[in-house]
Structures are given as structure tokens and as C-alpha cells.
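Undergrad: A single structure is presented below for examination.
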Amino acid sequence: MKNAIRPKALMRGDTIGVIAPASSPSLEQVYQDKAFYEGLGLNVKPSPMLGREYGYLHGTDEERVSELEMMFADPEIAGVFCACGGYGTPRIVDQIDYDLIRENPKIFWGYSDITCLHTAIYQQANVITFHGPMLSSDLEESRKSPLYAEYLKQVMRPTRLVIDEAVQPLRTLAAGQAKGPLVGGNLSLLVSTLGTPYELDTKEKILFIEEVEEEPYRIDRMLNQLRLAGKFSDACAVLLCDFQNCLPANRRPSISLQTIFHDHVVSNGKPILSGFMIGHCKPSLSVPHGAQAEVNTLDRRLIIEPGVV
Numbered sequence: 006m007k008n009a010i011r012p013k014a015l016m017r018g019d020t021i022g023v024i025a026p027a028s029s030p031s032l033e034q035v036y037q038d039k040a041f042y043e044g045l046g047l048n049v050k051p052s053p054m055l056g057r058e059y060g061y062l063h064g065t066d067e068e069r070v071s072e073l074e075m076m077f078a079d080p081e082i083a084g085v086f087c088a089c090g091g092y093g094t095p096r097i098v099d100q101i102d103y104d105l106i107r108e109n110p111k112i113f114w115g116y117s118d119i120t121c122l123h124t125a126i127y128q129q130a131n132v133i134t135f136h137g138p139m140l141s142s143d144l145e146e147s148r149k150s151p152l153y154a155e156y157l158k159q160v161m162r163p164t165r166l167v168i169d170e171a172v173q174p175l176r177t178l179a180a181g182q183a184k185g186p187l188v189g190g191n192l193s194l195l196v197s198t199l200g201t202p203y204e205l206d207t208k209e210k211i212l213f214i215e216e217v218e219e220e221p222y223r224i225d226r227m228l229n230q231l232r233l234a235g236k237f238s239d240a241c242a243v244l245l246c247d248f249q250n251c252l253p254a255n256r257r258p259s260i261s262l263q264t265i266f267h268d269h270v271v272s273n274g275k276p277i278l279s280g281f282m283i284g285h286c287k288p289s290l291s292v293p294h295g296a297q298a299e300v301n302t303l304d305r306r307l308i309i310e311p312g313v314v
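Counting in the numbering used here, the sequence shown runs from 6 upward without gaps.
This is the structure in C-alpha cells:
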């Protein structure tokens with residue numbers, strides 16, 4: 006794949022659109038947290054569809070696709086921010102007009118269930134997107150940390166990110182150095198697309214993985230599936246991020262996550278760092294999905310090139 010398209014950085018006075026491509030958000034939380042972005046000099050335009058519900062989805066597949074495409078087509082919108090995750094994006098990845106996104110590259114922001122859209126937009130439209138906290142689900146807690154505001158600045162000016170032990174403790178599980186595009190996201194969502202045209206291509210890429218509230222045996226099963234699919238052997242390095250509340254239920258016997266990581270990931274012999282605050286933790290660091298990156302386990306450092314121009 007040729008170098009990915011970097012969207013334009015946000016400027017004071019720009020407008021960001023808020024959508025819900027998966028489950029329905031808390032409107033109260035959305036309107037409460039939009040003040041944070043307004044404090045940065047941005048205008049916030051929630052989609053007129055945000056109040057809708059369709060069972061556990063925000064709307065029908067057609068409505069959610071329309072909402073997404075409407076924001077990318079609107080020349081007044083400079084960034085598209087997801088309100089929350091939940092469930093729903095795997096249902097729509099094959100219905101989106103990726104030519105529209107490629108021709109109108111904008112900052113696209115979200116994580117968790119949004120993982121499917123990060124992968125699809127990067128691989129189908131060749132556009133860099135951003136993995137970070139969302140208005141309705143976890144922005145309120147994350148924005149209390151100065152780290153969140155600092156990492157948000159990467160979409161307001163070209164910023165080279167350096168994540169090392171000055172930011173958080175990191176652990177080397179397998180030594181080495183590697184360079185490549187940074188890709189990945191939520192483990193469950195990555196596994197859900199295996200065997201489809203939208204599965205993540207990890208060839209010569211730095212793969213990052215996070216998860217929340219899955220028991221260790223389920224983590225074991227999903228990592229094993231990625232291993233069997235060649236995703237770890239294809240990657241040039243692996244970053245193990247936050248695995249929030251991934252504990253055995255009812256004190257049932259369990260293998261530790263560290264052992265599971267060793268069996269399925271470390272065994273591939275690629276450079277591996279763990280401990281990144283990326284995922285469902287609070288605060289959660291934001292990173293550009295698809296941007297060029299470099300990992301060095303000797304210095305326990307991840308360097309990510311700017312995701313915007």
C-alpha cells in the first residue's frame with residue numbers, strides 16, 4: 006500500500022461532526038462533553054440522527070451509513086467524531102462509499118467497536134484515522150488528564166508522538182526494533198472480520214491490540230485465532246495495550262494473561278512491548294491508525310509520525 010493519506014489538521018473555528026455508527030449514545034453526555042471541544046475553539050455539530058434508537062443499534066444499517074457519508078460529504082465538516090462504540094460497525098463496512106472518503110479525507114475519531122471502521126477506511130480508502138476516547142462513553146474521565154488534551158493536539162497540528170516510560174511504565178516481552186504503519190484496535194473486532202474482505206492486513210505493520218471485560222479464556226481463544234490466521238507472524242512488531250477488567254469470573258481456574266500473551270504472541274519472535282494506555286483505560290492515549298511508526302524495545306519507546314498535514 007502506498008503512503009496513506011493524511012487529513013488536514015483542525016484549526017480554530019473548524020466544525021467537527023458527531024455521529025454514532027454503532028450503538029446509541031447518551032445525548033446528555035454528548036452535549037455535556039462537546040463543551041470540551043468548544044473550549045479548544047472548535048464548533049461541534051451533532052448529527053440530527055443522534056436521538057434515534059433501533060434496538061441495540063443507533064439506527065438501521067442504511068441510516069448509520071447515511072449519517073457517516075453525510076458528514077464526509079459536507080464541506081463544512083472538518084472532522085468526524087464518533088460519540089460511542091457498542092455494537093454495529095461490522096454490519097455496515099461493506100455498504101460504505103470509500104471513494105467518497107478517499108476524495109474527502111477528514112479526521113475520523115473513535116475506538117472500540119469503531120475498530121472495524123478504522124481498518125476499513127485505512128485499507129479501502131487509504132486514509133489515516135484516529136483511535137481515541139469518545140464523547141458519550143469515556144471522554145469525561147479521559148479529559149480530566151492533561152495527557153488527553155496533549156494527545157488531542159495531534160489533530161490540530163502535525164505532531165510526532167513519542168510514547169515511552171516518561172508517559173507510562175512499559176514492559177519488553179520480546180526484544181527488537183521495527184518500523185511500519187501502526188494498525189489494530191479492539192481484539193474482539195479484529196477477530197470478527199477474519200475471513201472477510203475487511204480483515205486486518207498486518208503484513209510488515211506494527212499491530213496494537215486492546216480489550217475490555219473479556220475473561221482470560223476468551224482472550225486466549227481470540228489471540229489463538231489471530232495466531233492461526235498469521236496476523237502475529239505477518240506483523241513486524243506487536244504492542245499489547247490495555248486489557249481492562251479482563252479477569253476470570255467467579256474465581257474459576259485460569260491461566261494468566263502474561264502466559265497467554267507468551268503462548269500466542271511472544272512465541273512469534275517479533276518485538277513486543279506491553280503496558281500502553283491505549284484502549285478502555287482512563288485516561289486513554291490517542292494514536293493515528295495507519296501512520297508510520299517505529300518501536301524500539303531497548304529504549305521501550307514508540308515513535309509515531311504525524312497523522313495530519
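Ideal placement from N, C-alpha and C gives every residue a C-beta, glycine not left out.
Which runs of the beta strand (DSSP E) at least 3 residues long sit entirely within the stretch 57 to 92? Give them in chain order.
TA: Runs found: 82 to 87.
Undergrad: For A83 and D38, which I take to be in contact (beta-carbon distance under 8 Å), what is that distance rounded to the nearest angstrom?
TA: Not quite, the Cβ-Cβ distance comes to about 18 Å (not below 8 Å), so this is no contact.
Undergrad: Per DSSP, R176 forms a beta bridge with which residues?
TA: S279, per the DSSP bridge assignment.
Undergrad: Taking DSSP as the reference, what is the three-state secondary structure of D206?
TA: Three-state result, D206: coil.
Undergrad: Would you kindly check if the distance between the Cβ of E204 and the Cβ of A234 is under 9 Å?
TA: Yes.
Undergrad: For M282, count the other beta carbons within 10 Å of its own beta carbon; 16 or more makes it buried, fewer makes it exposed. Which is it?
TA: So M282 ends up on the buried side.
Undergrad: Can you grab the Cα-Cα spacing for the pair C246 / I211, in whole Å?
TA: Taking the straight line from one Cα to the other gives about 12 Å.
Undergrad: Does the Cβ-Cβ distance between P163 and A14 come in under 9 Å?
TA: Going by C-beta atoms, P163 is nearer than 9 Å to A14.
Undergrad: Which residue wins for smallest C-alpha separation from N273, given the options K236, A171 and C251?
TA: Comparing Cα-Cα distances from N273 to each of K236, A171 and C251, the minimum goes to K236.
Undergrad: Using DSSP's beta-bridge definition, name the partner residues of E299.
TA: In DSSP, E299 forms a bridge with K184 and I308.
Undergrad: Straight-line CA distance for Y59 to T65?
TA: Spanning the two alpha carbons is a distance of roughly 6 Å.
Undergrad: Identify, in the order they occur along the chain, each residue of the same chain with its Cβ nearer than 6 Å to the Cβ of I168, setting aside the five sequence neighbours on each side.
TA: Correct list, in chain order: L307.
Undergrad: Any idea what DSSP makes of D268, helix, strand or coil?
TA: Helix at D268.
Undergrad: Helix, strand or coil, according to DSSP, for L244 in the structure here?
TA: Looking at L244 - three-state DSSP - the assignment turns out to be strand.
Undergrad: In the DSSP assignment, what are the bridge partners of K50?
TA: BP columns for K50 point to G22.
Undergrad: What's the call for V7, buried or exposed, on a 16-neighbour Cβ count within 10 Å?
TA: One point to set straight first is that residue 7 is Lys, not Val, in the sequence displayed. Label assigned to K7: exposed.
Undergrad: Excluding the 5 residues flanking G189 on each side, which residues of the same chain have their C-beta closer than 6 Å to its C-beta?
TA: Contacts found: L212, F213 and I214.
Undergrad: Is the distance from the Cβ of V49 to the Cβ of Y156 below 9 Å?
TA: No, Cβ-Cβ distance for V49 and Y156 is not below 9 Å.
Undergrad: Could you pull the DSSP bridge partners for H294 from this structure?
TA: In the DSSP output, where bridge partners are listed per residue, H294 has T134.
Undergrad: Taking DSSP as the reference, what is the three-state secondary structure of I106?
TA: If DSSP states are grouped into helix, strand and coil, I106 belongs with the helices.
Undergrad: Please tell me whether, using a cut-off of 8 Å, the distance from the CB of T177 to the nearest non-hydrogen atom of the ligand MG is below it.
TA: The model on display carries no ligand, and the ligand MG is accordingly not part of it.
Undergrad: May I ask you to list the residues that DSSP assigns as paired with L15?
TA: Paired residue(s): none; L15 is not in a bridge.
Undergrad: With distances taken from CA atoms, which of T302, I97, D304 and H294 is nearest P311?
TA: Comparing Cα-Cα distances from P311 to each of T302, I97, D304 and H294, the minimum goes to H294.
Undergrad: What separation, rounded to the nearest whole angstrom, lies between the Cα atoms of I133 and E108?
TA: Going by the C-alpha atoms only, they are around 13 Å apart.
Undergrad: Should M16 be labelled buried (16 or more other beta-carbon atoms within 10 Å of its own) or exposed?
TA: With fewer than 16 Cβ atoms within 10 Å of its Cβ, M16 is classed as exposed.
Undergrad: What did DSSP end up calling L3 once you bin it into helix, strand or coil?
TA: Summary: the structure shown does not reach residue 3, with the chain confined to residues 6 through 314, and so no result is reported for it.
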